[in-house]
Amino acid sequence: MVTKITSRYFDEKHEECGVLGIYSKTGKDVAPLIYKALIALQHRGQDAAGFAVLYDRNIEARLGIGLVDQIFKPDDLALHGSIGVGHTRYPTIGECRMCDVQPSVFGDIAAAHNGHIANYDDLKKQLEGEGYKYTSTVDSEPIAFLLHRNTSIEAGVRDVMKSAEGSYSDAAILEGKLVVFRDPHAIRPLVWGENKDFICFCSETVALDINGIPYKGEVKGGELIIVDRKGMRRQQLVPEQPKHCMFEYVYFARPDSSMNGKSVYEARRRLGTNLAREAPAKADVVVAVPDTSRIAAESYARALGIPCEEGLIKNRYIGRTFIMPDQEKRMDAVKLKLNPVREVVGGKSVVLVDDSIVRGTTLKEIVALVRGAGAKEVHLRITCPPVRAPCFYGVDMSTYSELIANKKSIEEIGKFLGADSLAYLSIDGLKAALDLPLCTACLNEEYHSDYVRNMAKAVKAREI
Numbered sequence: 253m254v255t256k257i258t259s260r261y262f263d264e265k266h267e268e269c270g271v272l273g274i275y276s277k278t279g280k281d282v283a284p285l286i287y288k289a290l291i292a293l294q295h296r297g298q299d300a301a302g303f304a305v306l307y308d309r310n311i312e313a314r315l316g317i318g319l320v321d322q323i324f325k326p327d328d329l330a331l332h333g334s335i336g337v338g339h340t341r342y343p344t345i346g347e348c349r350m351c352d353v354q355p356s357v358f359g360d361i362a363a364a365h366n367g368h369i370a371n372y373d374d375l376k377k378q379l380e381g382e383g384y385k386y387t388s389t390v391d392s393e394p395i396a397f398l399l400h401r402n403t404s405i406e407a408g409v410r411d412v413m414k415s416a417e418g419s420y421s422d423a424a425i426l427e428g429k430l431v432v433f434r435d436p437h438a439i440r441p442l443v444w445g446e447n448k449d450f451i452c453f454c455s456e457t458v459a460l461d462i463n464g465i466p467y468k469g470e471v472k473g474g475e476l477i478i479v480d481r482k483g484m485r486r487q488q489l490v491p492e493q494p495k496h497c498m499f500e501y502v503y504f505a506r507p508d509s510s511m512n513g514k515s516v517y518e519a520r521r522r523l524g525t526n527l528a529r530e531a532p533a534k535a536d537v538v539v540a541v542p543d544t545s546r547i548a549a550e551s552y553a554r555a556l557g558i559p560c561e562e563g564l565i566k567n568r569y570i571g572r573t574f575i576m577p578d579q580e581k582r583m584d585a586v587k588l589k590l591n592p593v594r595e596v597v598g599g600k601s602v603v604l605v606d607d608s609i610v611r612g613t614t615l616k617e618i619v620a621l622v623r624g625a626g627a628k629e630v631h632l633r634i635t636c637p638p639v640r641a642p643c644f645y646g647v648d649m650s651t652y653s654e655l656i657a658n659k660k661s662i663e664e665i666g667k668f669l670g671a672d673s674l675a676y677l678s679i680d681g682l683k684a685a686l687d688l689p690l691c692t693a694c695l696n697e698e699y700h701s702d703y704v705r706n707m708a709k710a711v712k713a714r715e716i
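All you need for this note's numbering is the position in the sequence shown, starting with 1, plus 252.
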């Protein structure tokens with residue numbers, strides 16, 4: 253048997269998916285708009301994509317493995333239907349199989365999900381005991397079952413909010429209506445917009461922009477929204493206790509998006525400014541580790557009066573890499589994706605700004621790459637505080653042992669990475685930059701429920 257080691261074993265961070273729900277007020281077909289929106293949300297999941305539309309009381313789905321523009325053909329975009337849901341997928345465990353591609357369709361329900369149901373196994377046992385048969389491993393399937401087992405939409409969504417632990421920003425076709433809801437902590441983003449023809453809900457505003465639909469606001473945590481011929485009805489089912497995922501602003505979201513009323517671009521700019529205030533460095537040049545740290549690197553450099561230059565060039569035609577985890581081949585993989593500019597870093601003291609360190613393996617090779625190009629010093633500055641604990645809300649970090657900051661001190665991490673110095677932004681600096689109620693559980697183990705706290709304790713006990 254040949255074992256594939258994917259980019260999960262590098263320092264890349266992933267989260268579960270982009271989601272979309274759209275309703276035409278004028279009866280227009282929504283498939284073309286879904287396609288464009290999924291293109292805009294491609295960064296949230298590159299393994300699979302799908303959409304489902306309702307036409308004449310029938311749900312028809314188009315699903316595939318791969319990138320959006322590779323999956324869907326012109327005939328798919330010609331599907332009739334004025335209500336639709338869509339999804340781009342990144343799986344946190346296992347491989348992506350066709351049965352796991354969303355939206356999940358169950359009878360007259362099509363559900364698309366972004367987030368992570370922490371008590372998936374418990375729910376699975378419970379629902380199987382009631383006769384529901386699972387055909388996949390995705391969280392949208394038990395959510396569809398919970399919606400199905402109730403006699404009304406409101407009761408079904410209340411059941412989800414009562415039964416499901418974790419995070420969920422979901423869009424579904426149910427009873428011939430578009431149904432949208434978000435977990436009480438509003439961990440994963442969900443925005444909405446409207447024009448004369450369409451009402452659209454999506455993970456980020458870029459999916460509205462690409463369709464020319466003005467942004468109107470957010471779906472609140474604990475809120476249910478139903479859209480049908482009578483219009484759009486909003487109901488607060490559970491009190492909102494917002495704890496937005498800080499990684500959305502640090503890493504996941506596109507910089508041209510807004511979520512929870514905040515510009516991602518401005519948030520990253522403030523992250524860099526605060527990092528410069530807390531952890532200045534004497535250097536000749538600041539270089540961003542492409543791509544998500546570029547805005548923070550520019551503001552860091554500006555605050556300190558140091559030039560910021562393109563010292564690492566990313567090969568945009570290299571996707572996910574599959575290699576064995578020895579040092580030589582890790583370096584080969586980094587070289588496939590990044591190349592240093594010797595004229596920028598050679599003979600200079602360089603500050604490398606990155607968004608975060610999770611496992612540390614990729615950044616170690618990047619430091620070596622910059623040194624190999626002639627840098628006389630390499631200082632690391634990180635816009636996210638040390639990641640010390642697993643996430644049970646949708647980010648692909650499920651154990652303590654894989655997290656370098658859980659095993660090493662900051663000084664030890666710096667030595668491991670081969671840096672002359674290493675400094676992180678503080679949690680207070682992060683909170684000041686984002687100015688939102690945040691989920692920081694992966695930084696300080698402040699989980700939101702006893703159930704998840706007990707899960708974390710169990711993970712830690714298994715690893716001791």
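We treat Cβ as the ideally placed atom computed from N, Cα and C, and that holds for glycine.
So for M649, helix, strand or coil by DSSP?
coil
Through-space distance from P284 to G391, alpha-carbon basis:
The question names Gly, but residue 391 is Asp in the sequence shown. Looking at the two C-alpha atoms, the distance is approximately 26 Å.
Check the DSSP bridge columns for C497 and list the partner residues they point to.
C691
Quick check on this structure: which residue in F303, G624 and D281 has the alpha carbon closest to the alpha carbon of I291?
F303
Could you tell me the distance, in whole angstroms, from the CA atom of F644 to the CA atom of G599?
44 Å
I716, buried or exposed, once every other Cβ within 10 Å from all chains shown has been counted against 16:
exposed
Between which residues of its own chain and G666 is the CB-CB distance below 6 Å, once the five residues before and five after are set aside?
L674
Could you tell me the boundaries of the alpha helix (DSSP H) in which P491 lies?
Unbroken run through P491: none, as it is neither H nor E.
Candidates P542, P494, L523 and V490, of which the one nearest N512 by Cα
P494
Validate contact between the segment 437-455 and the segment 383-397 using beta carbons, cut 8 Å, 3 pairs
no
Hey, how far is the Cα of T344 from the Cα of L695?
Low confidence applies here, because T344 scores a pLDDT of 49, under 50, leaving its location unreliable and the question unanswered by this model.
From this set, R341, R309 and D321, which residue's C-alpha is nearest H332's C-alpha?
R309
Report yes or no: do the segment 589-603 and the segment 521-541 share at least 3 C-beta pairs separated by less than 8 Å?
yes
Find out if the Cβ-Cβ distance for the pair I405, L379 is shorter than 8 Å.
no
By Cβ distance, which residues of its chain are closer than 7 Å to H400, with the 5 residues on each side in sequence left out?
F358, G359 and I361
Is the separation between the beta-carbon of P642 and that of L677 shorter than 8 Å?
no
For R341, which three-state DSSP category applies?
strand
Can you tell me whether L588 is buried or exposed? The criterion is at least 16 other CB atoms within 10 Å of its CB, across all chains shown.
exposed
Closest to G297 by CA distance: which of P559, V282 and G367 is it?
G367
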